[in-house]
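There are 2 protein chains.
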Amino acid sequence: MMNVNRYAVLFEPVQIGPLIARNRFYQVPHCSGLGHLRPQAEAAMRAMKAEGGWAVVANQETEIHPSSDLSPASEHRLWDERDIPALRLMTDAVREKGALSAIELVHNGNHSPNLLTRAPVLAPSDMSIDSLYPKQARAMDKEDIREFRRWHRSAAQRAVDAGFDIIYVYAGHRMTLTQHFLLPEYNNRTDEYGGSLENRARLIRELLEDTREVVEGHCAVAMRFAVEEKRGKQGMQAQEEGRAVVEMLAELPDIWDVNISDWSNDSATTRFEPDDGYQNEYIKFVKDVTTKPVVAVGRLTSPDMMVAMVEKGIVDFIGAARPSIADPFLPSKIAEGRIDEIRECIGCNICVSSDSLGIPIRCTQNPTMGEEWRRGWHPEKIEPKGSEEEALVIGAGPAGLECTMQLAKRGYKVTLAEGSDELGGRALRESRLLGLNAWQRVADNRIYDLKQRANVQLFLESRLDANQVAELDIANVFIATGARWRKDGVGRSARKPLIPAPDMILLTPDDIMSGIFPDNGPVLIYDDDQSYIGGVIAEHLAARNLEIIFVTPAGVVSPWTTHTLEQARVHASLIEHGVDIRTSHMLSKAGAGECEVTCVYSGRQKTIKCRSVVLVTERQRNNSLHNTLLAMRHSGELPGVKTLELIGDAAAPGLIADAVYDGHMAARNFEMDPAHAASQIYRREIPSLELI
Amino acid sequence: MMNVNRYAVLFEPVQIGPLIARNRFYQVPHCSGLGHLRPQAEAAMRAMKAEGGWAVVANQETEIHPSSDLSPASEHRLWDERDIPALRLMTDAVREKGALSAIELVHNGNHSPNLLTRAPVLAPSDMSIDSLYPKQARAMDKEDIREFRRWHRSAAQRAVDAGFDIIYVYAGHRMTLTQHFLLPEYNNRTDEYGGSLENRARLIRELLEDTREVVEGHCAVAMRFAVEEKRGKQGMQAQEEGRAVVEMLAELPDIWDVNISDWSNDSATTRFEPDDGYQNEYIKFVKDVTTKPVVAVGRLTSPDMMVAMVEKGIVDFIGAARPSIADPFLPSKIAEGRIDEIRECIGCNICVSSDSLGIPIRCTQNPTMGEEWRRGWHPEKIEPKGSEEEALVIGAGPAGLECTMQLAKRGYKVTLAEGSDELGGRALRESRLLGLNAWQRVADNRIYDLKQRANVQLFLESRLDANQVAELDIANVFIATGARWRKDGVGRSARKPLIPAPDMILLTPDDIMSGIFPDNGPVLIYDDDQSYIGGVIAEHLAARNLEIIFVTPAGVVSPWTTHTLEQARVHASLIEHGVDIRTSHMLSKAGAGECEVTCVYSGRQKTIKCRSVVLVTERQRNNSLHNTLLAMRHSGELPGVKTLELIGDAAAPGLIADAVYDGHMAARNFEMDPAHAASQIYRREIPSLELI
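Those protein sequence lines, which keep their order, are chains A and B.
Position 234 (the first sequence) corresponds to 234 in our numbering; numbering is contiguous.
One gets our numbering by counting positions in the second sequence from 1 and adding 1000 to each.
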């Protein structure tokens, strides 16, 4: 790896306790939805980070005991020695690629509902559990605390046995028992674990001491700590108790991994926190009060900012979760001066959503994320072409761009024809809506790549019809013509079209993205899609001072964005923008100057006066070109066409992440043995039937 | 097994295709949350049903292909031959106990989001998926349909290879592709699979024919079909197309398993459908139009109703899901005339909730459900006593009653002291609220048992203090003193107590259950618990013509009841009762004649006039007796006490199911080697690390 001088400081080795990290790139612990259910996939994913140049690769929350049972979520588990072999897969793989491996031991306290184990839920004081289940945690007594320390020690020993280099003590994200002890709100104990900050921090101190004893100087001990909760005086503040905790425990760990709490603050999306490095103001004090190395995060993708953070003495390590997901080869690319090739995180939190949903991690920017083991995908490598076949890709949205780029990387000659006057399709169009600017990076990264390649021809304003496709006579055609929002109201809540009054103006998100706005209000936005776009459109139009009424069958605004940690922010933002929110109602009629909405529970109807309606319900595939070509092929009119494949939203509307994935897969599978390609979808990890 | 004449008809063998079922008890397919992630636990649970006398024991939805991927839910999976060994565990175990095993093959169409496999989602026509994810299904083309039939045939062959006796074709619960083809709402095809009913039913006919071919007369083919949707003309109606479908396919399957759709109608709770046998009116036509045996459900627990249903020619088999969960030994008990010992399903749908939550099945009435493998629990057998120890159980709620009953079954002499004048505690108290009457069965079943036993002494109105406990000088004390609802507003949304104005009347669910009502309205019910009780209290008070304002931080009423399939019904019922529902607000002040509520999103405040407030927030453990006894033991004042154990809500407030479970476990673990008892919680199934 060649260091480029400007960024040389990032490639200095740094000592962490008894170990040397090869550079300053540190993948902090992050969830993956792989975890204990999918240990081979987890190991392959982490190893890819190590291969990409990260000096430290951490795993994710690792339950130390059955009383910290996050089922059905699949984090890691180290309850007893039976879990060691699964974790060793990861440490071996990471070590082989030259990185240190770290493990984040955790007891989740009242954040773990223990629904699999049915173990008692533990907390500093009696309280409800931290999820929607009628179950309460009990205050730990002294014996519980002794037991907890014993569990943590044993887990630390098992972590050593599994081959980890760095063992975490973890107090953050409002999800961990040790942090719960710190917070007066959660801790009303009157013994030596409650009251003064020293008392509330006692448990953390003990765990750090215990862990140091266990590792006997062979491993490093890391402290992950949320210095700030962004709740003002209601919570921990960086300049108050946050600082005091670091001062108190300053030299006990070998490294401080600091961030802000809760998870929605730590993993803020670009929609609500557009600037990278947004945690610096909170964590910058840490290096002033400890001599130990410090790692911090904040969606850091700019090498210049990284250098500045090191040079200003804010951090020793550049921490990353999401940027390492979007680009596992971020360190290598910086080392090699390939800055423009960095696949920048767009801050959409699709990665986060997979944890919340209990499914394998995915990424909008990096379609190989989570597929390293199952499909054997590498983010930077792809099988070279097996022939001199040529390809035509129709449509330059996320699927078309990705498919073109990967086919081109494979060495095929590719023609990309886009009907509009710009490349990027939906990614670009959505990026023009309020808050989604960073999503443009999906297009930018791929356009940059394509423009370097001699084997790609890009055509704008080339809306091909079937005859034109036939005339081009290219043997392999990938059709990525996208989808458009329905204008008839059909969606989740109604499969029958709405018959609007002739004078009612009906618009869709496509209109808004094209700059066609309702000229004055009130505008009724009907969100039956319930993901993100309805809320975005509402903000976008409200910011233009239009009077907005937001109607949705859901109980809250944009409920799906709970998975991206945004829902509360979206809802609050709409209220702040003065949007009139009407939940639990379907749109049943669009009449003359007014709409009828129907309560989803009672069937009762109400009338709402409005001048126009924006329908955010469902999408229709732009698949007519594909259908025509299919029919032509069927009747022998396309003798030269071998491949005719519909990809992305045109095949099935989904997230941008799904479209990119689909375009990527089409390029990977092109000219692959069909049986082999088909077999990959069956690949999975299944339980052992060994009798125990 | 001795047949009692009165019920003899239930024990007649019945032919199903080439097979003979030993009697008329048929456990229809039901989800378990065990499934492919926990195959050993699943096999043990199903085998217990076979041991309990069921003639047929079915598994649950079994995904036939990666494009029907319900992850993270753990149903069964039979994607390829790798899944056969896990299912064979079940068929072997069920056969060993003399029952036939059945498998419910399924393709879930747009109900399966395919979030693990990322396979395309399939449906008769283009449409959104059936869950909250921005992803759409694509209309299947002819090739897709051919492929689908091939997958189903292959899965049927694998099912035969796994040892199943009965193979299902499944069109029900609004969750299956075949049913989606049947419904005009979902199917707007213009080919031979759309349009006429014959066309829409074509796929089912083909699957039945395909499956018959595969099994070659060695296995039976079952058709599970929802004859009615309870949506009027909007959906399928039993007397219209429901009947026509059965007529059309009458003799194709070997058995008809009929029910109503969707799942919330099929598995209706007693709260909204108090009468057993509630499906009879819909399914009774089926036997008129087919010569094949018919099985149907409807929370059937009364042997007299079962006999009547057979004798009237409504069914040939008594189908059961929930009653077989509450009492796996229901058939044996009827056979042996032990009718009063039947542990009747209370229709609470806690079993259903575990599927929705992706966790192992549990049951309010039967604490051993789901624990057959992990803890080795048998619903009817328990280790006999190992000594002449005696036990005192304090508190006759769900935990105390269960603990007493199990200790007594083990042969110990047990004294049960209850402070009030009735046995049943919380189960009895909650059963007096509107809709929860059936919950009394939790108490009834146990009281009946205890009254038969000579080694149990029951004391009512015996509120023991610590000195009295000491004086009793019983060596083993189990304290089941329950919990009470907090009166200070502390709960999920606020950890600081509310300071009410002196003239504001504050009540809790305990007051309502004790018959202390607000004398006139408006009554503000504040539901920060968000499970079931807040909604129940609102209905209960509204039915007394009180003006109710229902305030909750949640977006909908009683959101947790989504898991019990009740949420829409609860919400609708409150609206019907005229309750003024204010979602997304916390109670922030209880002033003089009015309350202040705060928007959880914006922090904006509103004032609501009310005369009283019912606080449904969190519970406080009644653990002072335990604390006093602990202190006495610590200071040597209880020399004779060996065991001092807090159980049930007094240990940690939860569901009634949790309290019963905790009482059961305490009795099981009594005098067990502590290391062995402690080890059970670690028992789990983990992935194979075999490299594939």
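Idealized CB from N, CA, C, for every residue including glycine.
Predicted model, so just to flag it, every value in this text is computed and none were measured.
Residues of chain A with CB under 8 Å from residue i, in chain order?
i               : result
K1135 (chain B) : A652, P653, G654, L655 and D658
S1071 (chain B) : G358 and I359
Hey, out of the options, whose CA is closest to residue i's CA?
i               : options                               : result
G313 (chain A)  : A:V295, A:I647, A:A320 and A:S302     : A:V295
A1050 (chain B) : B:I1064, B:P1066, B:Y1026 and B:C1031 : B:Y1026
E1012 (chain B) : B:S1584, B:S1420 and B:P1331          : B:P1331
Q1237 (chain B) : B:T1270, B:L1401 and B:L1183          : B:L1183
S462 (chain A)  : A:R243, A:N349 and A:A396             : A:A396
W1485 (chain B) : B:S1514, B:V1469 and B:I1016          : B:S1514
A454 (chain A)  : A:R410, A:D473 and A:N467             : A:R410
V1614 (chain B) : B:V1570, B:T1583, B:E1576 and B:V1551 : B:V1551
W1439 (chain B) : B:Y1448, B:A1427, B:L1450 and B:R1446 : B:A1427
G1337 (chain B) : B:S1302, B:I1359 and B:I1346          : B:S1302
Q279 (chain A)  : A:D257, A:T291, A:V289 and A:T290     : A:D257
Y1526 (chain B) : B:D1511, B:G1489 and B:L1546          : B:G1489
L1252 (chain B) : B:A1268, B:G1017 and B:Q1605          : B:G1017
R1212 (chain B) : B:Y1168, B:S1131 and B:N1187          : B:Y1168
L1691 (chain B) : A:E576, A:R374 and A:A538             : A:R374
Would you tell me roughly how many angstroms separate the C-alpha atoms of residue i and residue j, rounded to the nearest one?
i               : j               : result
P1085 (chain B) : L34 (chain A)   : 24 Å
F478 (chain A)  : V393 (chain A)  : 5 Å
H1585 (chain B) : D1528 (chain B) : 10 Å
M2 (chain A)    : A677 (chain A)  : Because the pLDDT of M2 (chain A) is 49, which lies under 50, any placement of that residue in the model is unreliable, and the number read from its coordinates should be weighed accordingly. Roughly 37 Å between the two C-alpha positions.
D519 (chain A)  : I548 (chain A)  : 12 Å
V9 (chain A)    : A335 (chain A)  : 10 Å
E1422 (chain B) : E143 (chain A)  : 35 Å
C1351 (chain B) : M45 (chain A)   : 36 Å
A1137 (chain B) : A1123 (chain B) : 6 Å
P674 (chain A)  : L1087 (chain B) : 29 Å
H30 (chain A)   : M369 (chain A)  : 13 Å
A1568 (chain B) : E1380 (chain B) : 37 Å
L506 (chain A)  : G521 (chain A)  : 13 Å
Q1452 (chain B) : L1416 (chain B) : 14 Å
What residues from chain B crowd round residue i, counting only those whose CB sits closer than 8 Å?
i              : result
V161 (chain A) : Looking at the sequence itself, residue 161 (chain A) is Asp, so the reference to Val does not match. None at all; the shortest Cβ gap to chain B is about 16 Å.
P120 (chain A) : A1651 and A1652
For residue i, return the contacting residues in chain A, with the cut-off set at a CB-CB distance below 9 Å.
i               : result
Q1530 (chain B) : L132 and P134
V1556 (chain B) : A554, G555, V556, T583, S584 and Y601
E1618 (chain B) : D126, M127, S128 and Q136
W1560 (chain B) : L132, Y133 and P134
Listing by chain order, which chain A residues have their CB less than 7 Å from the CB of residue i?
i               : result
E1185 (chain B) : R495
H1571 (chain B) : Y601
Rounded C-beta distance between residue i and residue j? I'm assuming under 8 Å.
i               : j               : result
E1106 (chain B) : V1160 (chain B) : Sequence check: residue 1106 (chain B) is Val here, not Glu. Incorrect: roughly 17 Å between the Cβ atoms, too far for contact.
V1056 (chain B) : A1021 (chain B) : 6 Å
So, is the C-beta of residue i closer than 9 Å to a C-beta in chain D?
i             : result
T62 (chain A) : Given the protein chain composition of this structure (A and B), no chain D is represented.
Taking a Cβ distance cut-off of 8 Å, strictly less, list which residues of the stretch 1574 to 1592 of chain B are near chain A, in chain order.
-> I1575, E1576, T1583 and S1584
Residues from the stretch 591 to 606 of chain A in contact with chain B, defined by Cβ distance under 9 Å | C599, V600, Y601, S602, G603 and R604
Taking a Cβ distance cut-off of 9 Å, strictly less, list which residues of the stretch 18 to 46 of chain A are near chain B, in chain order.
-> G33, H36, L37, R38, P39 and Q40
Could you list the residues in the stretch 659 to 685 of chain A with a C-beta less than 8 Å from some C-beta on chain B, going in chain order?
-> Y661, I681, Y682, R683, R684 and E685
When you check each C-beta in the stretch 1165 to 1195 of chain B against every C-beta of chain A, which residues fall closer than 8 Å?
-> E1185 and Y1186
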